[in-house]
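Numbering (full-length UniProt numbering), first residue to last: 1 to 138. Idealized CB from N, CA, C, for every residue including glycine.
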Amino acid sequence: MGKTAEIIGPQIHERSKFRLSWGKDDMARAIYAVRDGVMGTAKASKIFRVPRSTLQTLAKRTHLTPLEAAQKDAGSGKAFSYSCRCGSKFNHLRNYKYHVSHQCGVVFRCPVCGKNFTRKFSMKQHLQMIHGSTIIMD
Numbered sequence: 001m002g003k004t005a006e007i008i009g010p011q012i013h014e015r016s017k018f019r020l021s022w023g024k025d026d027m028a029r030a031i032y033a034v035r036d037g038v039m040g041t042a043k044a045s046k047i048f049r050v051p052r053s054t055l056q057t058l059a060k061r062t063h064l065t066p067l068e069a070a071q072k073d074a075g076s077g078k079a080f081s082y083s084c085r086c087g088s089k090f091n092h093l094r095n096y097k098y099h100v101s102h103q104c105g106v107v108f109r110c111p112v113c114g115k116n117f118t119r120k121f122s123m124k125q126h127l128q129m130i131h132g133s134t135i136i137m138d
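Shown next, in the form of structure tokens:
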């Protein structure tokens, strides 16, 4: 009567430790096919054996010819603009400033118990509330 459904278990795909490589001419032909509307990125990536996400990225670069786009790397190529003395690196100034002020910056230590604070006000408040001290810290 009807067809019996096959139960297929989950497929486990192991990630390769090596970067994939493909021919630049295959990528250029795939870009031509996608830009001309002959086929979509999924079909072109299977036919020309190139990564789909890379093909999508390179096909969007319409200011380049397909041959030029195929020669370019698809990575972001961003370099870190800000680096801290502790070795941390940041692309945005606001993240660097936050890191310096909260994680790697000046530490205010309680003179009584040695507890560390990131803000001078917090240390003064701690001194008054916990130790009952009226020491004026400059």
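Judged by DSSP secondary structure, Val-100 falls within the alpha helix (DSSP H) whose first and last residues are 93 to 102.
Bounds of any alpha helix (DSSP H) do not take in Arg-119, whose DSSP letter is neither H nor E. A distance below 7 angstroms separates the beta carbons of Val-50 and Ala-30.
Ranked by how close their Cα comes to the Cα of Lys-60, the residues Ser-81, Phe-80, Ile-47, Ala-28 have Ala-28 in first place. Between the alpha carbons of Lys-72 and Thr-118 lies a gap of roughly 45 angstroms. According to DSSP, Ser-83 shares a beta bridge with Lys-89.
In terms of CA proximity to Lys-97, Ser-83 leads the group Cys-110, Arg-109, Ser-83.
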